[in-house]
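Numbering (this note's numbering), first residue to last: 1 to 360. Built from N, CA and C at the ideal position, the CB exists for glycine as well. Taking it in order: structure first as structure tokens, then the write-up.
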Ligand SMILES: *Cc1c(COP(=O)(O)O)cnc(C)c1O
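Shown next, in the form of structure tokens:
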């Protein structure tokens, strides 16, 4: 018998929503926070060109993509690392800075992959209470332990959709010991850019990393491209644990092309925000408890876990798949990705029907 290590045996698999619809129903997936529309048309040509050279390994320095990111965000190209999705960067950060002698700290309703990435390193994972579904800087600072190595915070958060202002992030950073790495995951950053609170400058302190991704606002979830701004010494160490050929040539080309079409990305954000706010308004009118969202999804809080399961079942019966949230300590919640107007309209009417007692 081939035996895995007891550590891996004890881990539970990373769970995603099951994507299937009952017989005869069309599947409408509102479960993975994918963009509601395809990527910029400019991506097509870029990918076709990359495929023509697919017999060659991709650029291990991501030069084209890095230079575009640097120019757009006015940051040094040398401080950027690109990942096979930002998930790769998260996993490489925990691998580089944690082992069984350390701990990772995150808000209670954090992105579940922070936990998975921590478990892989055998470090302990600590969770700090939130204020409702908003991260609390006071609670995070109070939860720091002598062996805390990394604090992860997604801002805006997933699955909560809420955010804390820049001043609070700065207060968090200034309240943490200098030997604790702060990782700010801005996977939904583009949806909050209009607030004008960039935090890239925190990286200059040498103890903070900012992550972003092409999977959400840029509509490239299937291409697997994330990136981050790293202090130089941290980038050098993280690089060692990364796959040297991590992003396919098609992925790099697609991301660079999507980046160069800022107007398209901004339009995606505007369409998404308009549909999201309409959906939130409609659900509130119907009596649902929905959190304010700075992202491309909505978090609905039900009376209890049973009610959330019933609503989930009512949606699934019609082919609409949302994301249950027990993994993030919110078993009374469902997270609904902002889909097209038609998809959201359908989901909202099913929820209204369910709330009116169509539960039976
Ligand atoms: C979607 C998401 C990611 C994953 O991004 P990839 O770049 O697709 O790996 C990372 N962090 C948060 C908070 C997310 O919601």
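Could you tell me the boundaries of the alpha helix (DSSP H) in which residue 188 lies?
Note, residue 188: premise wrong, no alpha helix (DSSP H); not H, not E.
Just how far apart, CA to CA, sit residue 360 and residue 291?
Unreliable positioning characterises residue 360 in this predicted model, as indicated by a pLDDT of 44, which lies under 50. The coordinate reading is nonetheless provided below. If you draw a straight line from the Cα of residue 360 to the Cα of residue 291, it comes to about 27 Å.
Reduced DSSP secondary structure (H/G/I, E/B, other) of residue 114
Judged by DSSP in its simplified three-state form, residue 114 adopts helix.
Use the C-beta contact count for residue 185: other C-beta atoms within 10 angstroms, 16 or more gives buried, fewer gives exposed.
Residue 185 sits buried, since 16 or more C-beta atoms from the chains shown fall within 10 Å of its C-beta.
Cutting at 7 Å between CB atoms, please list the residues of its own chain near residue 101, excluding the five before and the five after it.
Within the same chain, residue 101 has close Cβ partners 147.
Is residue 97 near ligand 1, going by C-beta to nearest heavy atom under 8 Å?
For ligand 1, not one heavy atom lies less than 8 Å from the Cβ of residue 97.
CB-CB length for residue 316 against residue 325, believed under 8 Å:
About 15 Å separates the two Cβ atoms, so there is no contact after all.
Which residue or residues does DSSP assign as beta-bridge partners of residue 324?
Note: residue 324 sits in a beta bridge opposite 334.
Where does residue 264 fall in DSSP's three states?
Residue 264 falls in the helix class under three-state DSSP.
Can you give me the C-alpha to C-alpha distance between residue 104 and residue 114, rounded to a whole angstrom?
Rounded to the nearest whole angstrom, the CA to CA distance from residue 104 to residue 114 is 9 Å.
Residue 211 beta carbon near ligand 1 (any heavy atom closer than 8 Å):
At least one heavy atom of ligand 1 is found less than 8 Å from the C-beta of residue 211.
C-alpha gap between residue 15 and residue 321, whole angstroms
Computed Cα separation, rounded: 14 Å.
Closer than 5 Å from C-beta to any heavy atom of ligand 1: which residues, in chain order?
Neighbourhood of ligand 1, defined by CB distance below 5 Å to any of its heavy atoms: 85, 86, 87, 111, 154, 158, 185, 187, 213, 215 and 226, in chain order.
Kindly say whether residue 81, judged by its beta-carbon, lies nearer than 9 Å to any beta-carbon of chain D.
No chain D is part of this structure, which consists of one protein chain only.
Pick helix, strand or coil for residue 352, following the three-state DSSP scheme.
Residue state, collapsed to three classes: helix.
When the Cα atoms are used, what is the spatial distance from residue 21 to residue 338?
Roughly 19 Å between the two C-alpha positions.
If you check the beta carbons only, do residue 149 and residue 97 fall under 9 Å apart?
Yes, the pair counts as a contact, with Cβ atoms nearer than the cut-off.
Between residue 151 and the rest of its own chain, which residues show a CB-CB distance below 8 Å, the 5 nearest in sequence each way excluded?
Closer than 8 Å at the Cβ level, and outside the excluded window around residue 151, lie 104, 105, 106, 140, 144, 172, 176, 180, 181, 182 and 183.
Taking residue 28 and residue 294 to be in contact with their CB atoms under 8 Å, please state how far apart those CB atoms are, rounded to whole angstroms.
Contact check for residue 28 and residue 294: beta-carbon distance about 24 Å, past the 8 Å limit, so the pair fails to qualify.
Label residue 312 either buried or exposed according to how many other C-beta atoms from any shown protein chain fall within 10 Å of its C-beta, with 16 as the threshold for buried.
Around the Cβ of residue 312, a 10 Å sphere holds 16 or more other Cβ atoms; the residue is buried.
Give the secondary structure of residue 131 by DSSP, where H, G and I count as helix, E and B as strand, and everything else as coil.
Correct three-state label for residue 131: strand.
Rounded distance between the beta-carbons of residue 129 and residue 108, thought under 8 Å:
With a Cβ gap of about 5 Å, residue 108 and residue 129 count as contacting.
Cβ atoms of residue 270 and residue 50: under 9 Å apart, would you say?
In this structure, residue 270 does not lie closer than 9 Å to residue 50 by Cβ.
Starting from residue 51 and walking both ways along the beta strand (DSSP E), at which residues does that stretch end?
Looking at the DSSP string, residue 51 is not in any beta strand (DSSP E); the run it does join, the alpha helix (DSSP H), is 42 to 52.
For residue 126, the residue or residues it bridges with in DSSP
According to DSSP, residue pairing for residue 126 in a beta bridge involves 105.
Do residue 111 and ligand 3 come close, with the Cβ less than 8 Å from some heavy atom?
The model depicted lacks ligand 3 and carries ligand 1 instead.
Do residue 68 and residue 260 have their CB atoms nearer than 9 Å?
Yes, the Cβ-Cβ distance between residue 68 and residue 260 is below 9 Å.
Nearest-angstrom Cα separation, counted from residue 222 out to residue 74:
Spanning the alpha carbons of residue 74 and residue 222 requires a straight line of approximately 27 Å.
For residue 58 and residue 257, what's the separation of their Cα atoms in angstroms?
Linking residue 58 to residue 257 through their CA atoms gives a straight-line distance of about 16 Å.
Do you know offhand how far residue 38's Cα is from residue 44's?
Residue 38 and residue 44: Cα-Cα distance of roughly 11 Å.
Three-state secondary structure (DSSP) at residue 359?
The predicted model places residue 359 with a pLDDT of 46, which falls under 50 and marks its position as unreliable; any figure quoted below should be read in that light. Reduced to three states, the DSSP call for residue 359 is coil.
DSSP-derived helix/strand/coil call for residue 208
In the structure shown, residue 208 adopts extended strand secondary structure according to DSSP, grouped into three states.
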